[in-house]
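Report on one structure; see the data block that follows.
2 protein chains.
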Amino acid sequence: MSDTLFRPKSVAVIGASAKELHIGNRVIRNLLDFGFKGDIYPINPKAEEICGVKAYKSIADVPADHIDVAHLVIPAKAVPQAVEDCGKKGVRNIIINSGGFKEIGPEGEAIEKDFLERAKKYGIRIFGPNCQGIINTDPEIRAYCNFTFTKPDPGHISITALSGGVAEVIHQAFSQMGVGTRIYASNGNACDITIPEIVRYLGNDDGTRVIVLYVEGLRDAAAFKAVAKEVAAKKPILAMKAGRTEVGAKAASSHTGGLARVDIATELIFKKAGILSFHDEAALCQAAAAFASQPVPKGKRVGMITNTGGPAVIATDVLVEAGLEIPPLSAKAVQTLKEKVYPEASVSNPTDLLATGTAAHYRAAMDVMMAEENIDCLYIAFVTPFFVDTDSIAKEIVAVSQQKKKPVICNLMTDPRQWTRTVKILKDGGVPCFAFPGEAARATAAMVRYSELRSRNIGEPSVFNDVDRVKAEVILQKAKAAGKSFLSATDVYEILSAYRISVADWRMTQTPEDAEKAAVEIGFPVVIKADSESVLHKSDMGGVAVNLTNGAMVRSAAEGMKKKLNTPDLKFFIQKYMPGGKEVIMGAKAEPGVGHLIMFGLGGIYVEVLKDVVFNLTPVTKFEAEEMLSSIKAAPLLKGVRGEKGADQAKLVETLQRLSQLVSDLPMIREMDLNPVMAYSDGVFAVDARIGI
Amino acid sequence: MSDTLFRPKSVAVIGASAKELHIGNRVIRNLLDFGFKGDIYPINPKAEEICGVKAYKSIADVPADHIDVAHLVIPAKAVPQAVEDCGKKGVRNIIINSGGFKEIGPEGEAIEKDFLERAKKYGIRIFGPNCQGIINTDPEIRAYCNFTFTKPDPGHISITALSGGVAEVIHQAFSQMGVGTRIYASNGNACDITIPEIVRYLGNDDGTRVIVLYVEGLRDAAAFKAVAKEVAAKKPILAMKAGRTEVGAKAASSHTGGLARVDIATELIFKKAGILSFHDEAALCQAAAAFASQPVPKGKRVGMITNTGGPAVIATDVLVEAGLEIPPLSAKAVQTLKEKVYPEASVSNPTDLLATGTAAHYRAAMDVMMAEENIDCLYIAFVTPFFVDTDSIAKEIVAVSQQKKKPVICNLMTDPRQWTRTVKILKDGGVPCFAFPGEAARATAAMVRYSELRSRNIGEPSVFNDVDRVKAEVILQKAKAAGKSFLSATDVYEILSAYRISVADWRMTQTPEDAEKAAVEIGFPVVIKADSESVLHKSDMGGVAVNLTNGAMVRSAAEGMKKKLNTPDLKFFIQKYMPGGKEVIMGAKAEPGVGHLIMFGLGGIYVEVLKDVVFNLTPVTKFEAEEMLSSIKAAPLLKGVRGEKGADQAKLVETLQRLSQLVSDLPMIREMDLNPVMAYSDGVFAVDARIGI
């Protein structure tokens, strides 16, 4: 995808119309109204001109060697031929605004396939179909190749979303906030040009400082992963994934034609790539406004300045709940400031300058906090009383903000219809202003969250060279050849040992006599489990006996099972019985195109009742595995509470990484769990496991 | 407090000023600009007129028998005399805008006390001091007795808050949303007229349909409790309490002069009274706008109609996460609707009419959902494409909304500068419109949350007549007389048995021989605990032995303690040892002016690590006690999981209620806990307890 789509020098509209309510009219009008710097070619077999622009009977008639962008606003069935015509003319990109393709069923899908093949033949890139189009506010371009209505100011936030409705909501929000945007791209069915491609383009676009992304799932998860990491390293990407709930996912599938399922992988990809994730589109837009003009804070310590009490209290709650800190001012700072503000002012953090506080007071407080080493960002609450010179205060806030040393966020409490000048000073000065204290505080918190996300170095995945991948692969291939969907216990344990995942010592035996012998070898106490393809629910069928403390017990248990289960392929799985320790669960589940989800939690009620589990995606690095351990709610239990010994966390971290490597090496594994893993203060042992292929 | 404050017929401004930036000028200008229907009397010793209104040298000169409201905009030290003058003139209410009183320290507090005494003498009510004032938009009144800047449209939402800053933020938010307000009251130091009084007045004001309340703690908790319940039964009260975090509470205390502490009682009072609590002021304002014009839904089932996919997905997530349901449409509804909309439209819930959907389509979908029995409220997502007649769609939404059968909430996605007519139709029609899907969904969820809160009948507290209050009181009085701050074990257990709270059987004994005898009486196994005023940390000192299974063990343990602790007042507390069962904690803590906080949680790690506890306020009814049990995260454990027996929940509920009655009957108890209570499937027993007075 080249600049020709987002920086077109010429735009043709095939299906241009003289009728005002027609998209083929609206696109031309939008291009004109927005002051498009290139050539416009309305294509209409009958009209001489459209919106005052000379029209052509066909694309072939256009007096140009090539055309950067052609809109198609014609019935679906006419699209393949039109693409063919465009190809012959040397059109480089086609934006298909029309619908009637994949989204309506097999018939439309066939048309989509048809025109796509023709486009490929000519090297044309397709944007859409069933889409809004693109906008570029760059003063050199001014391309409004789009039929929607928001008229953006030029700015530095770029927006991309498959959903036109949400893209427009976001676009309109910035417009209402008086915050400029750069590129807008809503690509509907996305049959050719994808979100990852667009994100990469925005990453390379110097005018884009912040990327806002809305998705309802990733169609191109693998491509997205690759691009996201690269782009997020260059500039902030703020993203929201909807369809988090089952019902929401169902609603999403009904309008995108995607799979209806709650996907947690997308947000994990966001996190791994360093993309800041939001669950609220308003909060996302507000944060984007802050990122667009302010530097990223170096830490989470906020200095607060206000001229009214209550709103600062509200903001304090939000900041603290988000994990930010509001440190006390240094004695020196307090001293400096006290000399410069009203004696009744409250000089601490927050500093309350009082409603009568002047521009000089604000400036003094801001200077002090800018100089404080233990303050990373400035939160300014500013109500505009009629009796102070609010313009001057605004000018000081702008001046300090433009130092770009620490981010400055403002909760501006005013009537923008009365305080127009004050508002304009702040807006023109690039100070992000929010009417509600909660909004300003959440935008501040988002910046800090981003700062932490960016400084979080997850490192490279550890590679364990002591594993025997080939052996594991052979076992899996054999099981697959045998048509198994779950591996036998022997196979499972062989694979675990090939990956040096500690398990409780075990033997598979054929007879009660061998079972007893094996138990003696392992050492008591032991567990015995019946192993047979025909016995599915072992414990319900009396096929499990635990804590057997001598050989006679083992033999008698095995004989009992033999009698009861009466199946020719019966074997006896003998394993060291591991009492005490903490029960832990680890799991893996294939996530097509992405790798595997890795799960971790404390076993038993912690998983079943409290749902206290965390997920990540392969490859899980050491940093991430440690983060998983510490981010369950019951994490203190792993460290040990009430005088108990903690679990061997280093070993747990290693086991998670080995599990990650195992499923990454062996993508054939559909699902796998180690449940439970018994964790002691000096070692962890998987005592049951399952592998599905 | 009478109508004379909020519906004044005359307003004097003592300290009226010709200087534009003076509050004494601004109040007069606000009254004039707002079209005050009564008389205005500027008081200024030198001016002939102020803002074109005839001025008087002193309040005594005003040609009226009495004056409803006098503003004081004069230095604090002049206030007592001015109050005296007002008293002589027959002023009924004084709004003191000036500061310099309690908030600045003892000197100001003395002045406050002085003028308050004088006011009482004359029967004058004081609003403030250090406050903004009041506004009443009633067209018959138009009183803007306030120096702030928001110019409200008349409406049905009334606002009250001590914090002027927050009140103004809220007021301005409604103004920006185009939502009218009724009465505005921000009473600063609140030395006389209190928030509870204002809330009662608003409850009786027919023009007020919704009350919005902001607090940072309750100064008059007892009065508030009484009023809140009465008023909340009449109309929705939406409230926010800030200072939830420790740092937030500290910030609040610094500007209100209140106590810096995180108070959880306020929100519990809200809930008990049926006040809808918010943690976000924007969400509060948005919900209030919905309440102001829409009926309260009867249930939580939402019917969704949209003309764009993505925003409905976002809303679905928010609704479902808030516990609302989006039920499928009945077969009949689907049939009816299919005949009336585009064949490509998605007829289900949400119903997607497509961007080209017409007013007739919207109407058909709304009619169907209004008729559906299993739908309680309508959520309309409405983007305004240029190619449809959006005015007509707006008119249909208004028509359906005005049926007032089910609430209608609209996510209006438009550019209000371009679609001015459409926006005006919806606004004039009283349809609550929100730009973001999340906002509209949260407003819908708030209405449902309120519906559930209102239909939640907590019932009257049970009164257990089998208790011996007098006995317990005598024990407490004696302990108090003896200067104890914590009761002895004997006293504690005597009080528990006076309130029939089951405890593990116990005896207090003097000698090892008696200890053995007592153990035999109780039955083995037993616990023995050393009891002595001089032994504070019993278990660290070897003063506790558990699971003693015979008399010799008890005697030997007692003898060991005697030797080791070597203190003359040593006694031996023998108690039945209760193994197994579920460990539960109950607690009570005095909350001045409110009663006691009652706490419940599962013991051990659930409290210590997972902080899984819930609170309520005395008196705890049966309904509330049951709710406490079911609202801890580990609630399923009480019911029994993994084949375990559940706990005796009826007994736990009864015990919570008995604890509530105990501390309510005996307010001298400062704190008390039953920790742990062992809960079995057929009974619960406190096995350790503590009472502080």
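Respectively, the protein sequence lines represent chains A and B. Those letters in the first sequence? Residues 1487 to 2179, per the numbering used here, in order. Those letters in the second sequence? Residues 1487 to 2179, per the numbering used here, in order. We treat Cβ as the ideally placed atom computed from N, Cα and C, and that holds for glycine.
Does the CB of residue 1559 of chain A have a neighbour CB from chain B at under 7 Å?
no
Chain-ordered chain A contacts of residue 1899 of chain B [CB-CB under 8 Å]
1651, 1654, 1655 and 1658
Based on the DSSP output, what are the partners of residue 2015 of chain A in its beta bridges?
A:2030 and A:2059
With 16 as the cutoff for other CB atoms within 10 Å, does residue 1591 of chain B come out buried or exposed?
exposed
Collapsed DSSP secondary structure at residue 1771 of chain A in the structure displayed:
helix
Is there a Cβ from chain A that is less than 7 Å from the Cβ of residue 1640 of chain B?
no
Cα-Cα, which of A:2005, A:2166, A:1599 and A:1683 is closest to residue 1704 of chain A?
A check of alpha carbon separations from residue 1704 of chain A across A:2005, A:2166, A:1599 and A:1683 identifies A:1683 as the nearest.
Please check if any C-beta of chain B sits within less than 7 Å of the C-beta of residue 1767 of chain A.
yes
Under the rule that 16 or more other beta-carbon atoms within 10 Å means buried, what is residue 1804 of chain B, buried or exposed?
buried
Starting from the Cα of residue 1810 of chain A, find the closest Cα among A:1512, A:1775, A:1860 and A:1728 and give me that residue.
A:1860
Given that residue 1971 of chain A touches chain B, what residues does it touch there, using C-beta distances under 8 Å?
Simply none; closest approach about 27 Å.
Can you tell me whether residue 1753 of chain A is helix, strand or coil according to DSSP?
helix
What are the start and end residues of the beta strand (DSSP E) that includes residue 1714 of chain A?
Unbroken run through residue 1714 of chain A is the alpha helix (DSSP H), 1707-1718; no beta strand (DSSP E).
Quick one: Cα of residue 1899 of chain B to Cα of residue 1870 of chain B, how far?
7 Å
CA nearest to the CA of residue 1666 of chain A, picked from A:1673, A:1672, A:1697 and A:1751:
A:1697
As an exercise, report each continuous beta strand (DSSP E) stretch of at least 3 residues that is fully enclosed by the region 1611-1647 of chain B, in chain order.
Listed in chain order, they are 1611-1613, 1619-1622, 1629-1632 and 1640-1647.
What does residue 1838 of chain A pair with, by DSSP beta-bridge criteria?
A:1792 and A:1832
Under DSSP, the beta strand (DSSP E) around residue 1892 of chain B begins and ends at which residues?
Element bounds for residue 1892 of chain B: n/a, residue is neither H nor E.
How about residue 1738 of chain B: is its C-beta nearer than 7 Å to some C-beta of chain A?
yes
Roughly how many whole angstroms lie between the Cα atoms of residue 1734 of chain A and residue 2109 of chain A?
32 Å
Separation of residue 1676 of chain A from residue 1752 of chain A, as counted between CA atoms
18 Å
Taking the beta carbon of residue 1702 of chain A as the centre, do at least 16 other beta carbons fall within 10 Å, making it buried, or is it exposed?
buried
Taking the alpha carbon of residue 1570 of chain B as the point to measure from, which residue in B:2153, B:1691 and B:1610 has its own alpha carbon closest?
B:1610
Return helix, strand or coil for residue 1855 of chain A, following the three-state DSSP convention.
helix
Whose Cβ in chain B lies nearer than 7 Å to the Cβ of residue 1799 of chain A?
1702, 1728, 1729, 1734, 1737 and 1738
Using DSSP with H/G/I as helix, E/B as strand and the rest coil, what is residue 1650 of chain B?
helix
For a contact defined as C-beta to C-beta under 9 Å, what are the partners of residue 1924 of chain B on chain A?
Going along chain A in sequence order, the residues near residue 1924 of chain B (Cβ under 9 Å) are 1765, 1766, 1767, 1768 and 1769.
Mark residue 1963 of chain B as exposed unless 16 or more other C-beta atoms lie within 10 angstroms of its C-beta, in which case mark it buried.
By the neighbour-count definition (other C-beta atoms within 10 Å, threshold 16), residue 1963 of chain B is an exposed residue.
Which residues DSSP lists as bridging residue 1670 of chain A, in chain order:
A:1621 and A:1645
Taking the DSSP output, what are the residues bridged to residue 1847 of chain A?
Beta-bridge pairing links residue 1847 of chain A to no other residue.
Is there a Cβ of chain A sitting closer than 7 Å to that of residue 1907 of chain B, yes or no?
Using a Cβ-Cβ cut-off of 7 Å, residue 1907 of chain B does not count as an interface residue toward chain A, since no Cβ of chain A sits closer than that to its own.
Beta-carbon gap between residue 2074 of chain B and residue 2158 of chain B smaller than 7 Å:
yes
Looking only at C-alpha atoms, which of A:1692, A:1644 and A:1660 sits nearest to residue 1672 of chain A?
A:1644
The region 1954-1963 of chain B contacting the region 2037-2054 of chain B, beta-carbon criterion three pairs below 8 Å
no
Compile a chain-ordered list of the residues in the region 1509-1542 of chain B whose CB is closer than 8 Å to at least one CB of chain A.
1509 and 1512
With a threshold of 7 Å between beta-carbons, can residue 2137 of chain B be considered close to chain A, or not?
no
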